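> My structure is below; once you've seen it, I'll send some questions.
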Amino acid sequence: MALYAIGDTHLSLGCDKPMDVFGGRWTGYVEKLKEGFARVGPEDTVVLCGDVSWGMSLEQARADFAFLDALPGRRKLLLKGNHDYWWMTAARMKAFFQENSFSTLDILHNNCHFYGETALCGTRGWFYEEDRGEHSAKIFNRELIRLEASLKAAGEREKLCFLHYPPLYQGYRCQEIVDLLERYEVKLCCYGHLHGGSHRLAVTGRQGTVEYRLIAADYLGFSPVKLLD
125 MALYAIGDTH
135 LSLGCDKPMD
145 VFGGRWTGYV
155 EKLKEGFARV
165 GPEDTVVLCG
175 DVSWGMSLEQ
185 ARADFAFLDA
195 LPGRRKLLLK
205 GNHDYWWMTA
215 ARMKAFFQEN
225 SFSTLDILHN
235 NCHFYGETAL
245 CGTRGWFYEE
255 DRGEHSAKIF
265 NRELIRLEAS
275 LKAAGEREKL
285 CFLHYPPLYQ
295 GYRCQEIVDL
305 LERYEVKLCC
315 YGHLHGGSHR
325 LAVTGRQGTV
335 EYRLIAADYL
345 GFSPVKLLD
């Protein structure tokens, strides 16, 4: 049994928005994901850090969910990314997964999951510094509430945190999220969202009391990274 993570799969099997058009690392990325997941065992857990599917609705994302469900792994925990327009209420998503017999899919949202004695916490996060409008402030504050709710649900367990947006990178720092991670003694924070040339802006390694790791799919070569045995 092992724990893996990857972000930004950007699947579009049910709509016409393949990432292959960007060339480079994204060429043939669906096959690369299949090959990358070959390292995942049938009893393993994989956290997917947002931007899972380009589908605009659950129905349009159905083929992408079917693809993920068929990949190795007992559990795939999905976070919301900024391009996950299919995202709905937890009840509606869980019902959709059940109706379609997607037995390995679940969501990480306003909750936490447990991997042995380790708590898996997380939320989307937000680039608040880029837009300080009233609407953005409301979304940002909601994300802080969701993150703290997830961390509180972990109790005294060791905590790993998963975000879509990076809480910090070169030239940017979301102090409110960093403060929550440190206050709740998060051991490791994994995030996605950064692609291509933005990889060089990523903050990786220990900052303060938390280790940070970029896990965007193109950064990882489309192979989930192992976090725990």
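Plus 124 on top of the position in the sequence shown (first one is 1) and you've got the numbering used here. Just so you know, even glycine gets a beta-carbon here, dropped at the ideal spot from N, CA and C. Quantities reported herein were computed from a predicted structural model and do not represent experimental measurements.
Going by C-alpha to C-alpha distance, which of G240, V170, S177 sits closest to D132?
As a position in the sequence shown, residue 132 is number 8, starting the count at 1. Closest option to D132, Cα to Cα, is S177.
> I need the boundaries of the alpha helix (DSSP H) containing Q222, first residue and last residue.
By 1-based counting over the sequence shown, the position of residue 222 is 98. Residues 214-223.
> Exposed or buried, K276, counting other C-beta atoms within 10 Å across all chains shown (16 or more means buried)?
The count along the sequence shown starts at 1 and reaches residue 276 at position 152. Exposed is the call here.
> Mapping DSSP to helix, strand and coil, what is D193?
For the purposes of this step, residue 193 is taken as the residue at position 69 of the sequence shown. Reduced to three states, the DSSP call for D193 is helix.
> Classify E253 as buried or exposed, calling it buried when 16 or more other Cβ atoms lie within 10 Å of its own Cβ.
Working through the sequence shown from its first residue, we reach residue 253 at position 129. Below a pLDDT of 50, predicted positions are generally treated as unreliable, and E253, at 47, falls in that range; the measurement from the model is reported next regardless. The residue in question, E253, is exposed, as its Cβ has fewer than 16 Cβ neighbours within 10 Å.
> Could you have a look at S181 and say whether DSSP puts it in helix, strand or coil?
Here residue 181 refers to the residue found at position 57 when the sequence shown is read from its first residue. Looking at S181 - three-state DSSP - the assignment turns out to be coil, as it is neither helix nor strand.
> Report yes if the CB atom of V334 is closer than 7 angstroms to the CB atom of V310, and no otherwise.
Residue 334 sits at position 210 when you count from the first residue of the sequence shown. Residue 310 sits at position 186 when you count from the first residue of the sequence shown. Yes. Within cutoff.
> Using beta-carbon positions only, say whether D175 and H207 come within less than 7 angstroms of one another.
Looking up residue 175 in the sequence shown gives position 51. Looking up residue 207 in the sequence shown gives position 83. In contact: D175 and H207 (Cβ atoms closer than 7 angstroms).
> What's the call for M125, buried or exposed, on a 16-neighbour Cβ count within 10 Å?
Stepping through the sequence shown from its first residue, residue 125 is reached at position 1. M125 should be labelled exposed.
> Taking the Cβ atom as the reference point for each residue, do T94 and E280 lie within a distance shorter than 7 angstroms?
Because the chain in this structure spans residues 125 to 353, residue 94 falls outside the shown range and cannot be described.
> Short of 8 angstroms in beta carbon distance, which residues of its chain neighbour G295, apart from the five on each side in sequence? Order them along the chain.
Locating residue 295 in the sequence shown gives position 171, counting from the first residue. Excluding sequence neighbours, G295 sits near L325.
> Look up Y296 in the DSSP assignment and give the residues it is bridged to.
In the sequence shown, residue 296 corresponds to position 172, counting from 1. According to DSSP, Y296 bridges with Y293.
> Looking at the strands, I want to know which residues DSSP matches up with A243.
Position 119 of the sequence shown, counting from 1, holds the residue named residue 243. F238, K283, per the DSSP bridge assignment.
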